[in-house]
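Numbering (my numbering), first residue to last: -1 to 966.
Built from N, CA and C at the ideal position, the CB exists for glycine as well.
Quantities reported herein were computed from a predicted structural model and do not represent experimental measurements.
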């Protein structure tokens, strides 16, 4: 018997050895992610880390190419290629590639002719040919089939991004769909086809036009043009020039792809629940025959010369004025210097206890300040951004910023700040291990930067040894008083902007009921099912009491030694608009035992952060950070809350800063749009009741604000604990460090009533831009009923959510009417709240009428597609099967359900109902909930560019001022 057992053990051991020896992995002893790296014969690298929190994987396919590699005559090419990689292959995205190919070849040839012509009439005529042939090609194509494939396999987060050095394709997939994912991606990368070119080009136009209002990007481009005069970092941008976008070359794109999109220039980076050997075998199966490029034409550039005198640049736009300063620093290939630079950046500004945080922000010498080291493979740059206080010139702001850098060079800071920074980096890296996306992105960065993974996996060993002298030396080497570039961003018209005129485009066919044989085959493949796991709150967490009127929600952190301990009060700006300002004020104050500076330095040294915030319905007080220090951190926070010493001089300066911030908000497009939405959703009374006037701000005193904060401790509240201590130990921490006494007053969340519009109304708010931001909103007063969950989720997934939905297909893919468009039924977050319908478009002024009419048509006459329905249904079921509520999210979900009067995971009933739903159910939902609604329309933009007659046809028009929508 013993011999049989021994033989069995030997056999099992041999099997494990064979399994482990099948692939030769690169590993690093002491790597907290237990990384395995495999390099295929064709050069394709695979970075893997296992994390079994949920049965999913975060995948990134990283290509070592970005805008720095774009041809000088067709900048923006890498970014445009990223868009085109979603258009399909020879096998999907088309119903007959052989019939489609001659049409695509003709389009390719015509664009080469088009880009050489300068005569407007000739260009229009050629583009008309392109449009006509593109329409014929669209009859064969199947738009968005890649997105449908991803939805069918249950992927989430389908997207991609391009920067100067990389193009990265991202998917979050179920663990049982690795084979299908790999097969699809291999076909996508090995056999891509450029189709839908001219409508996608219009989308890129829209993205470029919208970027022209981003003043921070303009300032950084101005600085980079001086820091990197011989390198593409300073010579070209990711989106490219307007002139080049008007004259694209499919041939250049194909050449670019053939050079860089090759296995020996790509890494697959994954984190999640999977078996590494099986993953490698799957990738080998589908990517193994992909041919490498032995002669990749990588970027060659002339080394930059030192900057010996400050250089000044000025850019213009309509956002608030600011100063940006940049120095050239070593690239990521110089690992140690980059790490020292990161420490130097945090010593200068870490948002809490850095030199500038204490001197400039705490000292109220400047409006706001930020510093960061932006390190790319070839070069880095230390960037400072400062906003002036009221009455301060940009030059004065610049000088104050430069004084802080001078202190860094002279070593005028406490030695302990280095160790405190290192402790906070350790905390940040602990947090990184919680997230599949951050784990996998660490691999992307390592690959793109050309690092040996060992250097990144064990970086804390080096970082922990960095000294103050190294930081000072680095600052003197790279942040000299003579080697910077400063960009002044001033308010004014940017005369460099040229409007890209929208070409005439015939809406292409959507063919939404057509499916390629490839999609049919993937849809029919049965995979080992993953059964859904619904949250059982009685097992995952506990609810108890630590004092009369103080409920404690407890969840153990099984992942690391970070604790989040906070107190939640059902009071917010809906109750008292002063509360947010009160928390802002608290941040500048000290107590009888600690100055404000001491508080910040102590908290930073503990690697803990305070949690002091107020929204419309709730306020939170607490701390977050290393478990071993959480008690000390809570003591500091509670001392501040209960014993803060007011300072009227500080308060007066804060009032002035707040008024300037409010004025600056009126200059920002997104802030204006947010204010317009709030006005439409909740009405003018809500805006007035939740917004302090300048006069009310002026009349505030320290006693008012500090009394308001202290009064929270006389109210009933919840304690939320998420940390590594067991429940009894957690309760002991709360009992020791949380100070409550006496009977506590009960609180009820104050919920603002949403506006109901009995007739169509149009609200116009001004913003000087060539784009409009548009919403349509409707509230019929239906309150929450959990029985509606499945119906509305299915409708949203089918119609308006994601790249495979009707809205995206019609508004962006088929018609090129908007870079961004979405529409959905919004489910209440509180049981007293109402269901609302919301639709959004961002586009160019001249497209307003066409875009809104097209939107209205598909909203009220929803296109019906059985194929699209099946994709939406499969996607919902797959996501429920593989999504898990874990960690602190368990506590948040419990409270969210409680707000709705529920106690059980809503996904359970949704999962059961969706399985039996049909397209007829979606149509019934649309007719019941959406069709024929009365809307309030909101438009932010330059009304001089609108079709006035059309706007008036939508309903009663009410012009609004910025004072109306902001409330001040």
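Problem set entry | N- and C-terminal bounds of the beta strand (DSSP E) containing residue 974 | Nothing can be reported for residue 974, as the shown portion of the chain is limited to -1 through 966.
Exercise. When DSSP labels each residue in this structure, what does residue 396 get in the three-state scheme?
Worked result: Three-state DSSP puts residue 396 in a helix.
For this session: Determine the extent of the beta strand (DSSP E) in which residue 772 is found, giving its start and end residues.
Result: According to the DSSP assignment, residue 772 belongs to the beta strand (DSSP E) that extends over 769 to 781.
Exercise. For the region 317 to 381, which segments carrying the beta strand (DSSP E) assignment without a break, of at least 3 residues, lie completely within its bounds, in sequence order?
Worked result: 320 to 328, 366 to 373, all fully within the region 317 to 381.
For this session: Please look up how many angstroms separate the CB atoms of residue 25 and residue 33, rounded, as I've assumed it's under 8 Å.
Result: Contact holds; Cβ gap of about 7 Å.
For this session: Would you identify the three-state DSSP class for residue 22, choosing helix, strand or coil?
Result: When DSSP states are grouped into helix, strand and coil, residue 22 belongs to the coil group.
For this session: Assuming residue 799 and residue 816 form a contact by the criterion Cβ under 8 Å, report the distance between their Cβ atoms to the nearest whole angstrom.
Result: So it is not a contact: roughly 16 Å between Cβ atoms.
For this session: Would you check if the distance between the CB atom of residue 766 and the CB atom of residue 843 is smaller than 8 Å?
Result: Taking 8 Å as the cut-off, the Cβ atoms of residue 766 and residue 843 do not count as close.
Exercise. How many Å lie between residue 21 and residue 514 at the Cα?
Worked result: One C-alpha to the other measures close to 35 Å.
Exercise. Are the region 393 to 402 and the region 351 to 369 touching, with three or more C-beta to C-beta distances below 8 Å?
Worked result: When Cβ pairs closer than 8 Å are counted between the two stretches, the region 393 to 402 is seen to touch the region 351 to 369, the count reaching three or more.
For this session: Count the other C-beta atoms from every protein chain shown that fall within 10 angstroms of the C-beta of residue 183, then say buried if there are 16 or more, exposed otherwise.
Result: Counting every other CB atom within 10 Å of its CB across the protein chains shown gives residue 183 a total of 16 or more, marking it as buried.
Exercise. Between residue 423 and the rest of its own chain, which residues show a CB-CB distance below 7 Å, the 5 nearest in sequence each way excluded?
Worked result: Here the set comprises 461.
For this session: Using a threshold of 8 Å, state whether the C-beta atoms of residue 261 and residue 290 are closer than that.
Result: Yes; because the gap between Cβ atoms is below 8 Å, this pair is in contact.
Problem set entry | Assigned exposure category for residue 189 - 16 Cβ within 10 Å defines buried | Residue 189 sits exposed, since fewer than 16 C-beta atoms from the chains shown fall within 10 Å of its C-beta.
Problem set entry | Alpha carbon of residue 632 to alpha carbon of residue 201, nearest angstrom | Cα to Cα, the separation comes out at about 50 Å.
Exercise. With a cut-off of 8 Å, does the C-beta of residue 459 fall near any C-beta of chain C?
Worked result: Among the chains of the structure shown, chain C does not appear; only one protein chain is present.
For this session: Mind listing, in chain order, the continuous alpha helix (DSSP H) runs of no fewer than 4 residues lying wholly within the region 833 to 912?
Result: Those alpha helix (DSSP H) runs which fall completely within the region 833 to 912 and span 4+ residues are 846 to 858, 864 to 880, 887 to 897, 905 to 912.
Exercise. Which word fits residue 930, buried or exposed, when buried means at least 16 other C-beta atoms lie within 10 angstroms of its C-beta?
Worked result: Label assigned to residue 930: exposed.
Problem set entry | residue 716, enclosing beta strand (DSSP E) - first and last residue | In this chain, the beta strand (DSSP E) harbouring residue 716 covers 715 to 721.
For this session: Tell me whether the beta-carbon of residue 495 lies closer than 8 Å to the beta-carbon of residue 718.
Result: Taking 8 Å as the Cβ cut-off, residue 495 and residue 718 do not qualify as a contacting pair.
For this session: Would you decide whether residue 296 is buried or exposed? Buried here means 16 or more other CB atoms lie within 10 Å of its CB.
Result: With fewer than 16 Cβ atoms within 10 Å of its Cβ, residue 296 is classed as exposed.
Exercise. Under the DSSP definition of a beta bridge, which residues are partnered with residue 261?
Worked result: As computed with DSSP, residue 261 is found in no beta bridge at all.
Exercise. Secondary structure at residue 100, three-state DSSP: helix, strand or coil?
Worked result: Residue 100 falls in the helix class under three-state DSSP.
For this session: Look at the alpha carbon of residue 959 and the alpha carbon of residue 822, and state the distance between them as a whole number of angstroms.
Result: Note on geometry: alpha-carbon atoms of residue 959 and residue 822 lie some 28 Å from one another.
For this session: Sort 221, 938, 55 by Cα distance to residue 664 and report the nearest one.
Result: Taking each of 221, 938, 55 in turn and checking the Cα distance to residue 664, the smallest one comes out for 938.
Exercise. Where are the beta strand (DSSP E) runs, 3 residues long or more, that stay fully inside the region 486 to 525, in chain order?
Worked result: The qualifying runs do not exist here; there are none.
Exercise. Hey, how far is the Cα of residue 830 from the Cα of residue 750?
Worked result: Just so you know, the alpha carbons of residue 830 and residue 750 end up roughly 10 Å apart.
Exercise. Under the three-state reduction of DSSP, which class applies to residue 4: helix, strand or coil?
Worked result: With a pLDDT of only 39 at residue 4, under the threshold of 50, the placement of this residue in the model should not be trusted; the figure read from the coordinates follows. Here residue 4 sits in helix by DSSP.
For this session: State the CB to CB distance for the pair residue 984 and residue 852, rounded to an integer number of angstroms; the pair is presumed to be in contact (CB under 8 Å).
Result: Residue numbering for the chain in the displayed model covers -1 to 966; residue 984 lies beyond these limits and cannot be assessed.
Problem set entry | Opposing strand residues paired with residue 281 [DSSP bridges] | Partner(s): none; residue 281 has no beta bridge.
Exercise. Pick from 965, 252, 136: whose alpha carbon is nearest that of residue 93?
Worked result: Here the closest residue by C-alpha is 136.
Exercise. For residue 143 versus residue 90, is the C-beta distance shorter than 8 Å?
Worked result: Against a cut-off of 8 Å, the Cβ pair of residue 90 and residue 143 comes out as a contact.
Exercise. Roughly how many whole angstroms lie between the Cα atoms of residue 163 and residue 378?
Worked result: Across the structure, residue 163 and residue 378 are spaced so that their CA atoms are roughly 12 Å apart.
For this session: Identify every run of the beta strand (DSSP E) within the region 658 to 727, keeping only runs that are complete inside it and at least 3 residues long; order them along the chain.
Result: List check, beta strand (DSSP E) in window: 715 to 721.
For this session: Measure from the alpha carbon of residue 783 to the alpha carbon of each residue in 759, 825, 745, then state which is nearest.
Result: Minimum Cα distance to residue 783 is reached at 825.
Exercise. Quick one: Cα of residue 441 to Cα of residue 268, how far?
Worked result: One C-alpha to the other measures close to 8 Å.
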